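These protein sequences, in sequence, are chains Y and D. For the first sequence, our numbering gives the first residue as 413, with consecutive numbering after it. For the second sequence, our numbering gives the first residue as 413, with consecutive numbering after it. In this text, a Cβ means the ideal position worked out from N, Cα and C, and glycines have one as well. Note that the structure is predicted; figures quoted are calculated from it, not measured. Scroll down for the structure; my scribbles are underneath it.
2 protein chains.
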Amino acid sequence: MPPVIFHPFEKEIEPDGHSTLLDLARKAGIPLEAPCGGKQICGKCRVVVERGEGPLPPVSERGQEVLGELIQEGYRLACETVLSCGASVWIPEGGRRGRQTILTSDTRHTYPVTLRPRVNCCYVEVPEPVIDAVAADRERLLAALEKGYGIRSPEMDLFVLRQLPQALRSHDKGVTAVIHDMKEIIDLRPGREDCLYGVAFDVGTTTVVAFLMDLSSGEKRAVVPAMNPQIALGDDVITRISFCQESPDGLERLRTEIVGCMNGLVNQASAQAGIDPGRIMEATVVGNTAMHHLLAGLDPRHLAQAPYPPVLQAGQAIKARDVGLHIGNSAYVRLLPLKAGFVGSDTVAGILATGLHRRKSPGLLIDLGTNGEIVFGNRDRMLCCSTAAGPAFEGGHIRWGMRASAGAIERLQIDPSTFDVRWAAIDEKRPLGLCGSGIISAAAEMIRSGIILSRGNMNDALQTPRLREGEDGWEFVLVWGSDTAAGQDIVFTQKDVAELQVAKAAVYAGAMVLIERYGDVPFRQILLAGACGNYVDPEDACTIGLFPGCLEAKVVGVGNAAGHGACLALLDKNRWREAERIARDAAYVELAADVRFQELFVSSMWFTWAKDFEDDF
Amino acid sequence: MPPVIFHPFEKEIEPDGHSTLLDLARKAGIPLEAPCGGKQICGKCRVVVERGEGPLPPVSERGQEVLGELIQEGYRLACETVLSCGASVWIPEGGRRGRQTILTSDTRHTYPVTLRPRVNCCYVEVPEPVIDAVAADRERLLAALEKGYGIRSPEMDLFVLRQLPQALRSHDKGVTAVIHDMKEIIDLRPGREDCLYGVAFDVGTTTVVAFLMDLSSGEKRAVVPAMNPQIALGDDVITRISFCQESPDGLERLRTEIVGCMNGLVNQASAQAGIDPGRIMEATVVGNTAMHHLLAGLDPRHLAQAPYPPVLQAGQAIKARDVGLHIGNSAYVRLLPLKAGFVGSDTVAGILATGLHRRKSPGLLIDLGTNGEIVFGNRDRMLCCSTAAGPAFEGGHIRWGMRASAGAIERLQIDPSTFDVRWAAIDEKRPLGLCGSGIISAAAEMIRSGIILSRGNMNDALQTPRLREGEDGWEFVLVWGSDTAAGQDIVFTQKDVAELQVAKAAVYAGAMVLIERYGDVPFRQILLAGACGNYVDPEDACTIGLFPGCLEAKVVGVGNAAGHGACLALLDKNRWREAERIARDAAYVELAADVRFQELFVSSMWFTWAKDFEDDF
């Protein structure tokens, strides 16, 4: 029987079919609180059960009273819940001892986190100077901080020193020093203040997302997305790197664009939350290595030439003023560590958020995009690689491909007898084209209904007007022009299938290389990260053969794991250190140098779930 | 017999009238080299003997051959020199083991220093990245530095990181990392480089001096002075502080002025030395507390209100780019520590340069100016204060007073029988007025020749046309109009005498308070620092009663001790730490709160060297 996994502790235990989750948790050594003694009264032992294979476990009448609407979100009382099969169980705040909270994702996922921010408020009352033993403002403040908090000789940069005389004298009572890492005063506020903010950025090639977090409560105060304005200077990573090489001020222009965008997000998020951006006292940033370099103003040109060395791998803390980010002037912006030229801090953050590095049993983490980043491993060992999937998963090089915006078909169904097609487009608009998940869905349905055969060729024996010859060879009409926004038929062509074959073979072969190097062990979980991962239907992905392990493992969309990793590293400094360890210890596999990858790539082009697959041999 | 003091070790030993300085040095445990065995051959045991009470000791024929013209500068061979009385003996480079040098002052003083700069060059050859184990540029550089120099994980700020890809690839052989404190890489240079520069600033209210130093040799490459351009916004410290309070952008304007001036000096000095200012890798700064605050952009207003608290006392390191100083972008500017609102880092640096804090026998250090900073003490204990002498020593509030520029009389003599006056003016121009030393000289001569009496009143019984009644009461004509530049008589008035009485009483009483608090011990040395100190004749100073101890102690002008302290802290990081200790351990005495100061101030108004003094009682 698959185990029950308690998150965020990543402890696994076998369910026995009669013990409650409370019993199992205690057996696993997890400090789950139950002051009422397991009588379904206090509600303290509440946990979130992730939908496993079966339905969610039932809730008693008492439980229903205690939990109310939370039941729909998967909340259960551990003291009454008995699982008959494996499941992921999250233990949220209130269920554990200590000051903890849940970082609610914008997807269905929650990322529990312990609040241990790097910045803290220390309120002190600083005595006035006296004539016969004058001490300077700084020295009196430091004495008060040592007396009140045991903090010894923190540093203060020039800009904080400049605030000091005013801060000490503009309030009767005292002053709040904002202390970074217990080592440096990064802000001073007259009077008593407790509330600090932080911002986490996920800087993608296409989109940038800012998460404004309350560092005192762990609460997410605003989530604001934007298009990456660098797109105007280059659609993808490689074009932007070329732009840096070709234009003398290319790097500076790209840097200015992204910093401007991030400042815009800070302002928007601050306005939404009703706070002053100057009160944001820390920022964390994740992104692919090229975005990381462009933001920092580091020349990215070597990322485009084998062996693709990045300028740095370790995490880097930079004063906000040096980056040009308009948050607290002396605050730090922390760029999370990265692994390689094409395995960025977004991947490291994804591992951090999903807890792959803490798990006992290995799992496969895939972030689909132009470069598919793939990680395989567990707490013992972690392998990662990047595979050049090409732009198919983002709609590129596909006749009717498009980005995931209004009017994009994201899912469809083909009736295997009539070949009629039903579709779902974003915002329920008239269809404009197919986004990544729509492309995968279309191919999967065409395979299931026998339109696409094992080698990728279309079954020209089928009798339906939807299958016809077009300019790129055979094509299948998904939506007739009468139903589309543009009035033209939306088709899926033989060439589109070939593009998809290359893309999925690259991902499959990359994953297989990692699994083989690891030792070809069975694994139970496949985590799909990234925007695409959220919308791709696991079954569709398995049908086209996007990754190995479909038979034995469960496929889970983990949402914007990178962004959530950035939030975790912001809220909990131990998580930052974890990210450092992940980046240091994960082994990078360069597929370009790997013969086995070439072999697997070729053999993975087939559609092994196609109807004719077995006949073919 | 007074002791022989060996500098810079500050070791004292009694001369016995027959041992050579080499013997005495060895007895005192000083590692003075003498490879020839004391045969006046190798010249390695050369020392500099400061003129004591008697004449300089004689030199043998062999010694004359070895030393040549250095004899005039006080150089002697320790192996043949026997002193019959106490003296200060400096042991220069070559005379000691280790890598040492002499910091030649622009005055007659030398300041020996051991070269231990904070910044060092580390040349490494960094392997190229390889495809099957790619390490980032930073990580490869760090590995090479650890292997070559044992430096573990130095930091690199954003701006150095930006240089990295280019620096690693623009030279076949390797790269030189400039390392600060063995903890941070602050610059990268392609290929091998050994030569680093530093700049020390003495920022005075009136003048600013920059010393460009070669950190590899300790050599002074350029000394460039400038007027402090803040003068246009306020003549003295108090007017400038008022300007900050009255004008909303006052502080920023003053800050911009002084930084602009310092950048100008950096450019001038670099041009003189033929180097790129970007190769200056460290700066140290001393100045009075107001100049310190204005340069750093710290609000100085509280310096003008009792109890005059400064914003900070400890030394502060600031990135050059944050100050706006155009030296190496990631280099540090270090503001030396200060003691109080009116005892600045210039005084701390003065103690450091003169070695008062290392001496066994106490000494008195005086920096004359609008505020006279006074220090009394030795290695056991140090007391300091600031006394409001008023502007008389800088020519202010004196009818014919002026700054020490061309045409200012700096010294004069009065014939006690004829009352004829001989004078020496700066640049041998026709006299325009009296600078500080000229004012002191005039008063001293007038006392000696009986013109000024003990209470400060002029002796109206004297028969000379030079003594006459003017608009400010009695006045004495120093230079007849026929000899002056302006064609008017230059006089010294009764009111001028009164101004000087207040000024000298303030200094005398301040010094006495320190001496009494220390325990009223005898002391042997009075060190006069600052521009004024260089030109004031010690005898004149004693005649007007400028400070106590004239009978028993020797008065020595120590030149721009503050500037040299800044150079020492630049060349030797141990000296910086010494400065920190000096600032921390010296006890500040607030005269405004001191009743004894008031008493002494009143009684010090008298001229006790005037001819009528004893009659008067």
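Item to complete: Report yes if the CB atom of LYS841(Y) is closer than 8 Å to the CB atom of ALA818(Y), and no otherwise.
Response: Here residue 841(Y) refers to the residue found at position 429 when the first sequence is read from its first residue. Here residue 818(Y) refers to the residue found at position 406 when the first sequence is read from its first residue. The answer is yes: Cβ separation under 8 Å.
Worksheet item: Assuming LEU795(D) and ALA921(D) make a contact with CB atoms under 8 Å, what is their CB distance in whole Å?
Response: On the second sequence, residue 795(D) is found 383 positions in, with the first residue counted as 1. On the second sequence, residue 921(D) is found 509 positions in, with the first residue counted as 1. That pair is no contact at about 14 Å.
Worksheet entry | Complete alpha helix (DSSP H) runs within the region 718–750 of chain D (minimum length 4 residues, chain order) | 732–735
Worksheet item: Using a beta-carbon distance below 8 Å, is GLN717(Y) in contact with chain D?
Response: Here residue 717(Y) corresponds to residue number 305 of the first sequence, with the count starting at 1. No - not a single Cβ of chain D is within 8 Å of the one on GLN717(Y).
Practice prompt. Would you please state the rounded distance, in angstroms, between the beta carbons of MET693(Y) and ALA743(Y)? I believe it to be under 8 Å.
Written response: Your numbering for residue 693(Y) matches position 281 in the first sequence. Your numbering for residue 743(Y) matches position 331 in the first sequence. With 8 Å as the limit, MET693(Y) and ALA743(Y) qualify as a contact, their Cβ atoms being about 5 Å apart.
Discussion item. Could you check whether GLY603(D) and LYS585(D) sit closer than 8 Å to each other, using their CB atoms as the reference points?
Written reply: Counting from one through the second sequence, the residue named residue 585(D) turns up at place 173. Counting from one through the second sequence, the residue named residue 603(D) turns up at place 191. Contact: yes.
Item to complete: Please go through the region 608–690 of chain D and give each complete alpha helix (DSSP H) segment of 4 or more residues, from N-terminal end onward.
Response: 649–658 and 662–685
Worksheet item: Tell me, which residues are paired with GLN1010(Y) by DSSP?
Response: Along the first sequence, one-based indexing puts residue 1010(Y) at 598. Paired residue(s): none; GLN1010(Y) is not in a bridge.
Worksheet item: Does the beta-carbon of ASN986(Y) have 16 or more other beta-carbons within 10 angstroms, so that it is buried, or is it exposed?
Response: Your numbering for residue 986(Y) matches position 574 in the first sequence. ASN986(Y) is exposed by the Cβ-count criterion.
Practice prompt. Find the residues of chain D that neighbour GLU551(Y), judging by a C-beta separation of less than 8 Å, and give them in chain order.
Written response: Mapped onto the first sequence, residue 551(Y) falls at position 139. Under the 8 Å cutoff, chain D gives LEU724, GLN725 and ALA726.
Practice prompt. Measure how close the beta-carbons of SER773(D) and ARG528(D) come, nearest whole angstrom, since I'm counting them as under 8 Å.
Written response: Here residue 773(D) refers to the residue found at position 361 when the second sequence is read from its first residue. Here residue 528(D) refers to the residue found at position 116 when the second sequence is read from its first residue. Contact flag wrong, Cβ pair sits at about 28 Å.
Worksheet item: Which word fits ARG508(D), buried or exposed, when buried means at least 16 other C-beta atoms lie within 10 angstroms of its C-beta?
Response: The count along the second sequence starts at 1 and reaches residue 508(D) at position 96. Unreliable placement is indicated for ARG508(D), whose pLDDT of 41 sits below 50; no coordinate value is reported for it.
Worksheet entry | Same chain only: Cβ atoms within 6 Å of ALA974(D), ignoring 5 sequence neighbours per side | As a first step, residue 974(D) is located in the second sequence; it is residue number 562 there, counting from the start. The answer, listed in chain order, is ASP614, VAL698, ASP758, ALA761 and GLY762.
Worksheet item: How many angstroms separate the CA atom of SER496(Y) from the CA atom of ILE417(Y)?
Response: Counted from its first residue, the first sequence places residue 496(Y) at position 84. Counted from its first residue, the first sequence places residue 417(Y) at position 5. The straight-line gap from Cα to Cα measures roughly 13 Å.
Practice prompt. Check the Cβ of HIS714(Y) against every Cβ in chain D and list those closer than 7 Å, keeping chain order.
Written response: Taking the first residue of the first sequence as position 1, residue 714(Y) is located at position 302. Per Cβ cutoff of 7 Å: PRO577.
Worksheet item: Nearest to HIS976(Y) by alpha carbon, out of ALA854(Y), ASP949(Y), PRO566(Y) and ALA991(Y)?
Response: Residue mapping note: residue 976(Y) aligns to position 564 of the first sequence, counting from 1. If we check each option's Cα against that of HIS976(Y), ALA991(Y) comes out closest.
Discussion item. Excluding the 5 residues flanking ARG628(Y) on each side, which residues of the same chain have their C-beta closer than 7 Å to its C-beta?
Written reply: Locating residue 628(Y) in the first sequence gives position 216, counting from the first residue. Just to set this straight, residue 628(Y) is Ser in the shown sequence, not Arg. ASP606, CYS607 and LEU608.
Fill in: Within 9 Å of chain Y by C-beta, residues of the region 815–843 of chain D in sequence order
none
Practice prompt. Could you check which residue in ARG652(D), LYS595(D) and PRO712(D) has the C-alpha nearest to that of THR617(D)?
Written response: As a position in the second sequence, residue 617(D) is number 205, starting the count at 1. Ranking the options by Cα distance to THR617(D), first place goes to ARG652(D).
Worksheet item: Around the Cβ of GLU485(D), are there at least 16 other Cβ atoms within 10 angstroms (buried) or fewer (exposed)?
Response: Along the second sequence, read from residue 1 onward, the residue named residue 485(D) stands at position 73. With fewer than 16 Cβ atoms within 10 Å of its Cβ, GLU485(D) is classed as exposed.
Worksheet item: Does any residue of chain Y bring its CB to less than 8 Å from the CB of PRO660(D)?
Response: Position 248 of the second sequence, counted from the start, is the residue given in the question as residue 660(D). Output row for PRO660(D): interface = no.
Worksheet item: Name the DSSP bridge partner or partners of LYS966(Y)?
Response: Locating residue 966(Y) in the first sequence gives position 554, where the first residue counts as 1. The partner list for LYS966(Y) (beta bridge, DSSP) reads GLN937(Y).
Fill in: Partners in chain Y for VAL542(D), counting only beta-carbon separations shorter than 8 Å
Taking the first residue of the second sequence as 1, we reach residue 542(D) at position 130. By Cβ distance, chain Y contributes PRO719.
Practice prompt. Show which residues of chain Y have a CB atom less than 7 Å away from the CB atom of ILE730(D).
Written response: In the second sequence, counting from the first residue as 1, residue 730(D) sits at position 318. Those are LEU570, listed as they occur along chain Y.
Discussion item. Please report whether the beta-carbon of GLU694(Y) lies at a distance below 8 Å from any beta-carbon of chain D.
Written reply: Your numbering for residue 694(Y) matches position 282 in the first sequence. So, not an interface residue.
Worksheet item: Cβ of GLY845(D) within 8 Å of Cβ of GLY813(D)?
Response: For the purposes of this step, residue 845(D) is identified with residue 433 of the second sequence, where counting begins at 1. For the purposes of this step, residue 813(D) is identified with residue 401 of the second sequence, where counting begins at 1. Cβ atoms of GLY845(D) and GLY813(D): closer than 8 Å.
Fill in: Within 8 Å, strictly: CB atoms of VAL925(D) and ASP997(D)
Your numbering for residue 925(D) matches position 513 in the second sequence. Your numbering for residue 997(D) matches position 585 in the second sequence. In this structure, ASP997(D) does not lie closer than 8 Å to VAL925(D) by Cβ.
Fill in: Reduced DSSP secondary structure (H/G/I, E/B, other) of SER829(Y)
As a working note, residue 829(Y) is residue 417 in the first sequence. DSSP places SER829(Y) in coil when its eight states are reduced to three.
Discussion item. Extract the residue ranges of the beta strand (DSSP E) inside the region 791–872 of chain D, only unbroken runs of 3 or more that lie entirely within it.
Written reply: 794–800, 820–826 and 833–837
Worksheet item: If we count the other Cβ atoms within 10 Å of its Cβ and call it buried at 16 or more, is ALA752(Y) buried or exposed?
Response: Taking the first residue of the first sequence as position 1, residue 752(Y) is located at position 340. Burial call: buried.
Discussion item. Would the region 706–713 of chain Y count as touching the region 648–666 of chain Y if we require 3 or more Cβ pairs under 8 Å?
Written reply: yes
Fill in: Residue-level contact to chain D via CB, GLY709(Y), 8 Å cutoff
The count along the first sequence starts at 1 and reaches residue 709(Y) at position 297. Yes, because at least one Cβ of chain D sits closer than 8 Å to the Cβ of GLY709(Y).
Worksheet item: Out of GLY736(D), ALA836(D) and PHE831(D), which has the shortest C-alpha to C-alpha gap to ILE864(D)?
Response: Taking the first residue of the second sequence as 1, we reach residue 864(D) at position 452. For ILE864(D), the nearest C-alpha among the options comes from PHE831(D).
Discussion item. Please list, in chain order, the chain Y residues whose beta carbon lies closer than 9 Å to that of TYR1000(D).
Written reply: Locating residue 1000(D) in the second sequence gives position 588, where the first residue counts as 1. Those are ALA545 and VAL546, listed as they occur along chain Y.
Worksheet item: Of all Cβ atoms in chain C, is any one closer than 8 Å to the Cβ of ASP734(Y)?
Response: No chain C is part of this structure, whose protein chains are labelled Y and D.
Item to complete: Please name the residue or residues paired with GLY775(D) in a DSSP beta bridge.
Response: Mapped onto the second sequence, residue 775(D) falls at position 363. GLY789(D) and GLN937(D).
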